[in-house]
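Numbering (numbering that gives the first Met the number 0), first residue to last: 0 to 228.
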Amino acid sequence: MARRKQTRGACAFCKKEYTKGGMKKHLSACSSFNEAVRKAEASKKKAQNLYHLVVRDAFMADFWLHLEMNGSAMLEDLDQYLRAIWLECCGHLSEFQPGKRRYQKPELDMSLKADDVFPQTKELIHLYDFGTTSETLVEAVGVRKGKPLISHPIALLARNNLPEVSCKECGKPARFLCMECVYEEDESGLLCEAHAKTHPHGDYGEPTPLYNSPRTGMCGYEGPAEPPY
Ligand SMILES: [Zn+2]
Ligand SMILES: [Zn+2]
Ligand SMILES: [Zn+2]
Ligand SMILES: [Zn+2]
0 MARRKQTRGA
10 CAFCKKEYTK
20 GGMKKHLSAC
30 SSFNEAVRKA
40 EASKKKAQNL
50 YHLVVRDAFM
60 ADFWLHLEMN
70 GSAMLEDLDQ
80 YLRAIWLECC
90 GHLSEFQPGK
100 RRYQKPELDM
110 SLKADDVFPQ
120 TKELIHLYDF
130 GTTSETLVEA
140 VGVRKGKPLI
150 SHPIALLARN
160 NLPEVSCKEC
170 GKPARFLCME
180 CVYEEDESGL
190 LCEAHAKTHP
200 HGDYGEPTPL
210 YNSPRTGMCG
220 YEGPAEPPY
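As structure tokens, this is what we get:
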């Protein structure tokens, strides 16, 4: 999808908006985030390594997440998180590989813990669906010793806003995507609500709603693109 400017996203703690690159700097200074850290430190949970992960789609830079993963959490937990927030359409196979180029190395065992993985390699690639493959890059950009912010293995720190894209007919904000335009006409296929209603194409079904997920338009993806917890 063609875009004009870098997509911003919201800090999960104070809701202020930054670019993917600006978010890490913001989080270390964010008083709401630091308040959440102080609260967690006062709890009875056990301290462990907490990895700051920046996750992005390998091809569409507009889709990104900042996550904090417990050192004791398994790759399987991260896989499930990515499926819930971005990827799951019909239960395809998935795997992690070390590094950021696919097929260089054998896959990593899903039972490996973050503490086993990230001291060895800062970057992982996640592949979902070996037909219409989604490629997701995971980079460990930092680690702190502390108590987890939530009772689940992975905490959402920030995510991109739904990218702003325009209807190919009128330029208004697009909310739908026509797959026939994409596959048969080699066009953007982006449509506003009004033009989606009157759009003549139907060979690939009705125009699909745009979800905040890089899998929109792939293999009948139907959202909801929400975090699992
Ligand atoms: Zn913040
Ligand atoms: Zn599928
Ligand atoms: Zn329109
Ligand atoms: Zn169309």
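Heads up, the beta-carbon is just placed ideally off N, CA and C, and yes, glycines get one too. Here the structure is a predicted model, which means the values were calculated and not measured.
Terminal residues of the alpha helix (DSSP H) in which residue 37 lies: As a working note, residue 37 is residue 38 in the sequence shown. Per DSSP, the unbroken alpha helix (DSSP H) holding residue 37 starts and ends at 30-40.
Delimiting residues of the alpha helix (DSSP H) encompassing residue 56: Indexing the sequence shown from 1 puts residue 56 at position 57. Element bounds for residue 56: not the alpha helix (DSSP H) but the beta strand (DSSP E), 47-56.
Presumed contact (8 Å Cβ cut-off) between residue 216 and residue 178, rounded CB distance: Here residue 216 corresponds to residue number 217 of the sequence shown, with the count starting at 1. Here residue 178 corresponds to residue number 179 of the sequence shown, with the count starting at 1. Correct: roughly 6 Å between the Cβ atoms.
DSSP-derived helix/strand/coil call for residue 83: Position 84 of the sequence shown, counted from the start, is the residue given in the question as residue 83. Residue state, collapsed to three classes: helix.
Pair within 7 Å by beta-carbon distance, residue 146 and residue 30: Indexing the sequence shown from 1 puts residue 146 at position 147. Indexing the sequence shown from 1 puts residue 30 at position 31. Inclusion of residue 146 and residue 30 in the CB contact set at 7 Å is not warranted, their separation being larger than that value.
Distance between residue 12 and residue 26 (C-alpha atoms, nearest Å): Indexing the sequence shown from 1 puts residue 26 at position 27. Indexing the sequence shown from 1 puts residue 12 at position 13. Rounded to the nearest angstrom, the gap between the Cα atoms of residue 26 and residue 12 is 9 Å.
Contact under 7 Å by Cβ, residue 136 with residue 55: In the sequence shown, counting from the first residue as 1, residue 136 sits at position 137. In the sequence shown, counting from the first residue as 1, residue 55 sits at position 56. In this structure, residue 136 lies near residue 55, with their beta-carbon atoms less than 7 Å apart.
Residue 73 - partner residues in DSSP beta bridges: Locating residue 73 in the sequence shown gives position 74, where the first residue counts as 1. The beta-bridge partner set that DSSP reports for residue 73 consists of 112.
Span separating the alpha-carbon of residue 229 from that of residue 182: What is shown of the chain runs 0 to 228, which leaves residue 229 out entirely.
For review: beta carbons within less than 5 Å of any heavy atom in ligand 5: Here the bound small molecules are ligand 1, ligand 2, ligand 3 and ligand 4; ligand 5 is not part of this structure.
Whole-angstrom C-beta distance between residue 174 and residue 208, which should lie under 8 Å: Counting from 1 along the sequence shown, the entry for residue 208 is found at position 209. Counting from 1 along the sequence shown, the entry for residue 174 is found at position 175. A Cβ-Cβ separation of about 6 Å places residue 208 in contact with residue 174 under the 8 Å criterion.
In chain order, each beta strand (DSSP E) run of at least 3 residues that lies wholly inside the stretch 118-187: Entirely contained in the stretch 118-187, the beta strand (DSSP E) runs reaching 3 residues are, in chain order, 122-127, 133-145, 153-159.
Where residue 221 falls: helix, strand or coil (DSSP): For the purposes of this step, residue 221 is identified with residue 222 of the sequence shown, where counting begins at 1. In the structure shown, the three-state DSSP call for residue 221 is coil.
Contact set for residue 113: own chain, Cβ-Cβ below 6 Å, skip 5 residues either direction: Taking the sequence shown and counting its residues from 1, one reaches residue 113 at position 114. Within the same chain, residue 113 has close Cβ partners 50, 68, 70, 72.
Local Cβ density within 10 Å of residue 180, reported as buried at 16 or more and exposed below that: Numbered from its first residue, the sequence shown carries residue 180 at position 181. Residue 180 comes out buried.
Element boundaries [alpha helix (DSSP H), containing residue 195]: Working through the sequence shown from its first residue, we reach residue 195 at position 196. Where residue 195 is concerned, the enclosing alpha helix (DSSP H) stretches over 192-197.
Local conformation of residue 232 per DSSP, three classes: The chain is shown only over 0 to 228; residue 232 falls outside these bounds and no answer can be derived.
C-alpha distance - residue 229 paired with residue 222, whole-angstrom precision: No answer is possible for residue 229: it lies beyond the span of the chain, which begins at 0 and ends at 228.
Residue 146 CB to nearest heavy atom of ligand 3 below 6 Å: In the sequence shown, the residue the question calls residue 146 occupies position 147. Every heavy atom of ligand 3 is 6 Å or more from the Cβ of residue 146, so no.
Sequence-distant residues of its chain with Cβ nearer than 8 Å to residue 9 (five each side left out): Reading the sequence shown from its first residue, position 10 is the one you call residue 9. Cβ neighbours of residue 9 beyond the five flanking positions: 15, 16, 157, 158, 160.
Residue 191 Cβ short of 6 Å to ligand 2 heavy atom set: Walking along the sequence shown from the start, residue 191 turns up at place 192. No; taking the cut-off as 6 Å, the Cβ of residue 191 has no heavy atom of ligand 2 nearer than that.
C-alpha gap between residue 46 and residue 92, whole angstroms: Position 47 of the sequence shown, counting from 1, holds the residue named residue 46. Position 93 of the sequence shown, counting from 1, holds the residue named residue 92. Cα atoms of residue 46 and residue 92: separation of roughly 33 Å, rounded to the nearest angstrom.
7 Å Cβ shell around residue 169 - same chain, five flanking residues per side excluded: For the purposes of this step, residue 169 is taken as the residue at position 170 of the sequence shown. Once the five neighbours on either side are set aside, the close Cβ partners of residue 169 are 191, 194.
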